[in-house]
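In this note's numbering, the protein residues as written are 14 to 364.
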């Protein structure tokens, strides 16, 4: 079951907005050590939730890659997610109404600061690892700015900054949502949300999450029954759009894509200059065939990080491989984790 933690003090974002007593949602597994130093934070992706043991089930649990017998594994909601307590659908304490379109921009850097405050409120004193893919990979990389609090990071399927290409994908999705008459500038009736716009946004996104090869293998030019989608590829995208519209929220989707667009770990500097101080061990995973974050981005990230290990995963699933190719992911991560999920005493001596 999801749990909640409320921060004891107001939080001021990079843009100067104040969040009063923000509440974050989380799932956790395992037991936090008395010293509070055996935690692993798993960072979820755009439409993911905090139940990481469900969507990463082969990797999280007793005796698994992220071993809950030895570590306290926790996944906190990214601010803006409809699965969390802090989102456009939440009540703004200042007005007593849902934030809606007034929900502030929360950058990736803001999000990690919020997560750290929440973890500290829960008694976590140090993270053994921060790991995640896509949007979660942005958070994992940003955790590298907190070397006093985290011992290792594993950003998967993401680059050092959100490229013009990736921003363009997000903008196309936002335009699809805004084109729905029900959008109403983001202040819509929850009983009549812009479902068609959100479904179209999801269809656009699904093209960036997979590869041409997997679409050809799965669908080809196969015909679908009915006139609404004469081809199986079209039917598949329509289905994925409807499925997301049934479980997600359009304003939250827009807010989260803006968080993604804020991602720039080097903050305008060259990667070599901007990442030179992220010296903690880093595992960088690139996926051959990733349309959204091409492999060259992970190669550049690993080259710029002073203590990085680069691994490549070859999969027809493209960007989504970190959510489906569990055996391949485990094979690449396990040797690195064996070296770097060391007790904090070893870390302290090495430091």
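Note that the Cβ used here is the ideal one computed from N, Cα and C, for glycine as well.
Boundaries (first-last residue) of the alpha helix (DSSP H) holding residue i
i: residue 337; result: 334–337
i: residue 271; result: 263–274
i: residue 211; result: 208–222
i: residue 324; result: That residue, residue 324, is in no alpha helix (DSSP H); its beta strand (DSSP E) goes 321–327.
i: residue 225; result: 225–231
i: residue 187; result: 177–191
i: residue 68; result: 65–68
i: residue 308; result: 308–317
CB of residue i within 9 Å of CB of residue j, strictly
i: residue 318; j: residue 354; result: no
i: residue 296; j: residue 144; result: yes
i: residue 325; j: residue 336; result: no
i: residue 125; j: residue 141; result: no
i: residue 278; j: residue 157; result: yes
i: residue 312; j: residue 299; result: yes
i: residue 85; j: residue 131; result: no
i: residue 206; j: residue 263; result: yes
i: residue 268; j: residue 119; result: yes
i: residue 305; j: residue 331; result: yes
i: residue 146; j: residue 314; result: no
i: residue 179; j: residue 169; result: no
i: residue 110; j: residue 27; result: no
i: residue 139; j: residue 266; result: no
i: residue 21; j: residue 127; result: no
i: residue 258; j: residue 209; result: yes
Residue i, buried or exposed, once every other Cβ within 10 Å from all chains shown has been counted against 16
i: residue 221; result: buried
i: residue 260; result: exposed
i: residue 94; result: buried
i: residue 231; result: exposed
i: residue 150; result: buried
i: residue 29; result: exposed
i: residue 82; result: exposed
i: residue 54; result: buried
i: residue 14; result: exposed
i: residue 17; result: exposed
i: residue 101; result: buried
i: residue 183; result: buried
i: residue 25; result: exposed
i: residue 40; result: buried
i: residue 108; result: exposed
i: residue 193; result: buried
i: residue 33; result: exposed
i: residue 76; result: exposed
i: residue 38; result: buried
i: residue 44; result: exposed
i: residue 177; result: exposed
i: residue 352; result: exposed
i: residue 283; result: exposed
Identity of the residues DSSP links to residue i by a beta bridge
i: residue 42; result: 86
i: residue 80; result: 74
i: residue 284; result: Its beta-bridge partners do not exist; DSSP assigns none.
i: residue 17; result: 38
i: residue 25; result: 31
i: residue 236; result: 244
i: residue 277; result: 174
Element boundaries [beta strand (DSSP E), containing residue i]
i: residue 301; result: 295–301
i: residue 52; result: 52–56
Cβ-heavy atom distance, residue i to the ligand MN, below 8 Å
i: residue 185; result: Summarising the ligand content, the structure contains no ligands, and the ligand MN is consequently not present.
_beta strand (DSSP E) runs contained entirely in the stretch 87–173, provided each spans 3 or more residues_ = 140–146, 166–169
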